[in-house]
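Residue numbers (this note's numbering): 60 to 392.
Backbone N, C-alpha and C fix where the C-beta goes; we use that ideal spot for every residue, glycine too.
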Amino acid sequence: MLFIWGPAVTLLPLTPVVDADLAPADTTHAARALVPRVVSAVARRGALLRRAATRMPLVSQVSDRRYQRRLAEHASQLPLPSVDQLEVLVAMNDAGVAVRPANLPAEVIDAADGLVELLRRKNVDEPCVKATPRELAVDPTLFTWGLSDHLLDLAECHIGLPVRYLGMEVKRELVQSAAGRNHEVVRRWHLDHEDRRIFKVIVYLSDVDAGAGPFGFIHQTHSAAIRGSRGLDLRGVPDDKMDAVVPRNQWTQVTGPRMTSVLVDTGQVFHRVFPPTETERYSVTFAYSSRSPYYAYSRLMLPRRAIEQLRERLSPRQWDALCVGRTRRSRAS
Ligand SMILES: [Fe+2]
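Right, here's the structure in full:
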């Protein structure tokens, strides 16, 4: 499949964010949402604790040695990146983020647009709505594109180990407050915790300006300096607390036309979705980890039956990247 990198898209300096008014609580909605929210919160907490455990002195020494040994053993088997891929990897290593226009194949765009229309038709009282695994499976073209060799190569070079395709998420960010909702953490500064190194590709499926919920990040240099700082809640840092350690003029928003792609290690750089204030944002995110992540979200993956139906179309490498049969939650090793 064809995937062409074009000239870099401009990264805009931050403009002030105005939060929408807090919507009154809907008790019916709250009750319905309670169970998945609790399960999700417990799962995320578990992943945070597993990651934190690897940073405890004695545990981290053993874990780090094992991790470094695995990196060294796999180094000679890494794919050789093209010049364009190398530039992306260097940008990710330097800034933590690379931004490139993506020319997706026509059939992949059609599949993405079908999901955009499906989400657009949903009448919801939520700050964010996502396609379900069943909906993603109706036309698996977009999901399968995430297994293209180009992306697996980039992911493997960045992670340094054989990769696991964690799946994808297609979502619509609405002009609606997330205050008090589970989604609030996504709109605050945070780190992801699926693995030590994570590779994600976010493709905008609508034009994104400052009022349309742009992706935001803190440069790798600043993120590295404050990672692990006491007092910073890694599950969501409010603006005033982040401003105290990294001034607002150092925050970056990624704006760009539809089909702008953001390649990022969301476990290394603080990032967020800035709340849409004027326009909804549609996007798809493809996610990758090593084959022993701290956590893998089942909602990113197609139903098992749909995965089995893909098997004949996939190469052994692509099939292996799905890690079929492994539990969605697994320990780091
Ligand atoms: Fe995130």
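Locate the alpha helix (DSSP H) running through residue i, then write down its first and last residues.
i	result
Arg-376	375 to 381
Ile-366	363 to 369
Leu-201	200 to 204
His-242	His-242 -> no alpha helix (DSSP H), and no H or E assigned at all.
Glu-337	Neither: Glu-337 is in no alpha helix (DSSP H) and is coded neither H nor E.
What distance in whole Å lies between the Cβ atoms of residue j and residue i, which are believed to be in contact at a cut-off of 8 angstroms?
i	j	result
Arg-317	Asp-266	5 angstroms
Val-222	Ile-261	Actually they do not touch by this definition, with Cβ atoms about 17 angstroms apart.
Gln-279	Gln-309	No, Gln-279 and Gln-309 are not in contact; Cβ-Cβ is about 12 angstroms, not under 8 angstroms.
Thr-325	Lys-259	5 angstroms
Arg-247	Gly-295	4 angstroms
Phe-18	Val-313	Only positions 60 to 392 of the chain appear in this structure, which leaves residue 18 out of reach.
Ala-196	Pro-362	6 angstroms
Can you say whether residue i is buried or exposed, counting buried as having 16 or more other CB atoms within 10 angstroms of its CB?
i	result
Arg-231	buried
Gly-226	buried
Leu-178	buried
Val-167	buried
Asp-169	exposed
Leu-145	exposed
Pro-375	exposed
Ala-271	buried
Gly-384	exposed
Cys-382	buried
Pro-334	buried
Asp-251	buried
Ser-135	exposed
Pro-306	exposed
Leu-139	exposed
Gln-120	exposed
Arg-331	buried
Val-147	buried
Ser-141	exposed
Thr-86	Only weak support is given to the placement of Thr-86: the predicted model assigns it a pLDDT of 42, under 50, and the question is left unresolved by the model.
Val-343	buried
Determine the DSSP secondary structure at residue i, reduced to helix, strand or coil.
i	result
Gln-136	coil
Ser-320	strand
Gly-173	helix
His-249	strand
Phe-258	strand
Tyr-224	strand
Thr-311	strand
Lys-189	strand
Val-234	coil
Tyr-356	coil
Val-267	strand
Val-305	coil
Val-147	helix
Val-183	coil
Gly-384	coil
Give the straight-line distance between the Cα atoms of residue i and residue j, rounded to the nearest whole angstrom.
i	j	result
Ala-131	Arg-256	15 angstroms
Ala-365	Thr-336	37 angstroms
Leu-174	Ser-282	33 angstroms
Asp-254	Lys-189	23 angstroms
Ala-237	Tyr-126	37 angstroms
Ile-285	Val-245	19 angstroms
Pro-352	Ile-218	11 angstroms
Ala-157	Arg-370	31 angstroms
Glu-215	Arg-240	35 angstroms
Pro-192	Asp-212	25 angstroms
Glu-367	Ser-288	44 angstroms
Asn-395	Val-323	Here the chain has residues from 60 to 392 only, and residue 395 is not among them.
Phe-345	Gly-205	6 angstroms
Asp-172	Asp-123	43 angstroms
Pro-186	Tyr-341	12 angstroms
Glu-194	Lys-181	13 angstroms
Val-304	Asp-198	45 angstroms
His-133	Ala-380	15 angstroms
Thr-338	Asp-184	16 angstroms
Pro-164	Thr-200	10 angstroms
Arg-372	Arg-159	28 angstroms
Gly-155	Ser-348	16 angstroms
Asp-299	Phe-276	15 angstroms
Met-360	Tyr-354	13 angstroms
Thr-319	Arg-129	34 angstroms
Glu-176	Arg-350	33 angstroms
Which residues bound the beta strand (DSSP E) around residue i?
i	result
Ser-349	340 to 349
Phe-43	Residue coverage of the chain in this structure runs from 60 to 392, which leaves residue 43 outside it and unanswerable.
Asn-162	156 to 162
Val-332	330 to 332
I want to check one thing, is the minimum distance from the CB of residue i to the heavy atoms of ligand 3 below 6 angstroms?
i	result
Thr-191	As for ligand 3, it is missing from this structure, which binds only ligand 1.
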